[in-house]
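Accompanying notes for the structure given below.
Protein chains: 2
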Amino acid sequence: MPARTRKRKSDAAVVEAPVKERLTRERVVDAALHIMDAEGLDAVTMRRVAREVGVEAMSLYHHVRDKEDLLDGVCALVMRDFRYPPEDRPWIEVARDGAREWRRVLRDHPNVIALWADRQRPMTDLESLMPMEFALRAIGRAGIDAREGVQVFNVIGGYIMGVVMMEVGAMFSAGTMRNGKALDLNAVHAKIPDEAFAQFLPADRLPCIIAALPHLAECDPDEQFEFGLDLLLAGIEARAIARA
Amino acid sequence: MPARTRKRKSDAAVVEAPVKERLTRERVVDAALHIMDAEGLDAVTMRRVAREVGVEAMSLYHHVRDKEDLLDGVCALVMRDFRYPPEDRPWIEVARDGAREWRRVLRDHPNVIALWADRQRPMTDLESLMPMEFALRAIGRAGIDAREGVQVFNVIGGYIMGVVMMEVGAMFSAGTMRNGKALDLNAVHAKIPDEAFAQFLPADRLPCIIAALPHLAECDPDEQFEFGLDLLLAGIEARAIARA
DNA sequence: AGCATAGGTATACACTGTAAGTTTGTCAAG
DNA sequence: CTTGACAAACTTACAGTGTATACCTATGCT
């Protein structure tokens, strides 16, 4: 190993002047994920990521093919965050915990939803497929055939994605609604008398929404998630039992 | 009406040289939606939209505040595409048709999902809230109180969004998967012998996915949507009946 | 010792949203 | 008919984006 002596020489140099450690694809992708989580998707630019790891923008291209590839890496990294629940239990408990864990991952990295939504490409690498393998395995143990198993997977997976998306994005659930002017639903809920918002939302056109306003504002996301998950799992189990 | 005579004069001029009709906010938003549907979200640039309506980019700013505002308009326009099913039927049929209709809208304009996902702002104008009002009204007729009604709305709404998102984006369901190399699932399903892809996906690590591959490729989206919708609606109705 | 090469930098280009300034077309009043 | 006002178009300009190309330089192998 002739490299050894060389190594010693550079190590000595390192001590006196701490050379900046070599960039790796992992460090780049890591930085991108952190920026995405902390500052949003728009903040993830090549120059911003480069600054984060202490190089110029073009240096990144030695470790990722292009920005697409970088974002692929971010998606894969998020999937690696999935922590597999123990499986030595009834299938329905495994499925429920798996669903909860997937929700946790999505809520910890809410921007991957937008990432998936507009990139519209499948997961490709082995590690990203493992959570799917996990889910299919749990579903299979319910005594569901492969064909229906795929349906069950897509239905539950879709449910989780959609509910979390409505949870993190405001869309309908909370935040501000206006009809010409601004209206803060949370403020509405905070004991503002009914007449205060009646002038913003036309009560005669939207009576059900008006009636639902307090509940929209206070609605507990955890409880709601479990509500829908219970409906799906109970229905699936009933079908599986009926089948057998 | 002194303008009348003037009007006649310009009308004559119009006939001989068809002056380009004045731009309106509606024409601008319309063009943006068409571009988004036909060429994707990235294609919706101010210059591209301007070209579509026959003006320069900066002219658009007389009709929309900024690009945010333009995209708000696009979202509102999509919501206006919702066609309200008749309501003189049992609530569950109204709800089912409403869900189907929402899915149709999302599939006709799949890019609004990405739009919602990364803009994360609520619907604001009256017309965009009408489908929500419609849904809450239908749910209310099931004898569900306002509090649980909101949960039901969010669960079903989330389900639709998520399933359609998985349907239009590839993500897990179909398309290409690779493990270093490329693998076309549809090609796999097209009678390629099992050994052909066993070398791409490590069968020992992903047995359930391997087993599910043919069903992933062939799975009928309509059938799958109805499957999950039935589970949710049946569960909700059971609860409503039990409550009464 | 020499040298290929991996990994950093610098420069440049086409494209984005949009601020600021200028021109043009339309209509009402003098 | 002229004049003026005003809305709506256009022109130009700028900072910021992804990335192609070229250049440099330090590392490690022969």
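Chains A and B supply the protein sequences, listed in that same order. If you count by the working numbering, then the first sequence holds residues 2 to 245, one letter each, in order. If you count by the working numbering, then the second sequence holds residues 2 to 245, one letter each, in order. By construction, the Cβ of each residue, glycine as well, lies at the ideal position given by its N, Cα and C atoms.
Going by the beta-carbon positions, is the gap between residue i and residue j smaller than 9 Å?
i	j	result
A/L233	A/V156	yes
A/V240	A/V165	Correcting the residue type first, residue 240 of chain A is Arg in the shown sequence and not Val. Their beta carbons are not under 9 Å apart, which means A/R240 does not touch A/V165 by this criterion.
B/A147	A/A218	no
B/V50	B/A77	no
A/A100	A/L230	yes
A/A115	B/D223	no
A/A58	A/R48	yes
B/G144	A/M167	no
Expressed to the nearest angstrom, what Euclidean distance is found between the alpha-carbon atoms of residue i and residue j?
i	j	result
B/R81	B/Q152	24 Å
A/D89	A/R142	11 Å
B/A96	B/Y160	13 Å
A/V106	A/V79	7 Å
B/Q121	B/H110	17 Å
B/W92	A/C220	23 Å
A/D73	A/R52	20 Å
A/S60	A/L130	30 Å
A/M133	B/M162	20 Å
B/I237	B/M124	26 Å
B/R23	A/G41	38 Å
A/A136	A/D38	26 Å
B/I210	A/H63	33 Å
A/T1	A/N112	Absent from the model: residue 1 of chain A. The displayed extent of chain A is 2 to 245, so no value can be given.
A/A204	B/L127	11 Å
B/A245	A/G150	34 Å
B/E102	A/V54	48 Å
A/V29	B/D98	47 Å
A/D70	A/R84	24 Å
B/R206	A/R138	12 Å
A/I242	B/A235	16 Å
B/D31	B/V75	7 Å
B/E94	B/Q225	18 Å
B/I140	B/F154	8 Å
B/A199	A/P87	In this predicted model, B/A199 has a pLDDT of only 43, less than 50, meaning its place in the structure is not dependable enough to derive any value.
Would residue i count as contacting chain A if we go by Cβ distances under 9 Å?
i	result
B/W103	no
B/R138	yes
B/H216	yes
B/G158	yes
B/G163	yes
B/G229	yes
B/I193	Residue confidence is low: B/I193 scores 38 on pLDDT, short of 50, so the model does not pin down where it sits. No coordinate-derived value is stated.
B/D31	no
B/L130	yes
B/M47	no
B/I242	no
B/A199	Residue placement at B/A199 is poorly supported in this model, since its pLDDT is 43, which falls under 50; the coordinates still yield a value, given next. Chain A contact via Cβ: absent.
B/V151	yes
B/E69	no
B/V169	yes
In terms of residue numbering, what span does the alpha helix (DSSP H) encompassing residue i cover?
i	result
A/C209	P208 to E219
A/L107	W92 to D109
B/V56	That residue, B/V56, is in no alpha helix (DSSP H); it is neither H nor E in DSSP.
A/L34	R26 to E40
B/G170	Unbroken run through B/G170: none, as it is neither H nor E.
B/L72	K68 to R81
A/L230	P222 to R244
Between residue i and chain B, is any beta-carbon pair separated by less than 9 Å?
i	result
A/P87	no
A/A143	no
A/W92	no
A/D82	no
A/I210	yes
A/L232	yes
A/R122	yes
A/G99	no
A/A175	With a pLDDT of only 40 at A/A175, under the threshold of 50, the placement of this residue in the model should not be trusted; the figure read from the coordinates follows. Yes, because at least one Cβ of chain B sits closer than 9 Å to the Cβ of A/A175.
A/A51	no
A/R206	yes
A/R26	no
A/L72	no
A/I36	no
A/E134	yes
A/R148	yes
A/A39	no
Exercise. Counting only runs that start and end within the segment 119–162 of chain A, where is the alpha helix (DSSP H) found for 4 or more residues in a row?
Worked result: 127–141
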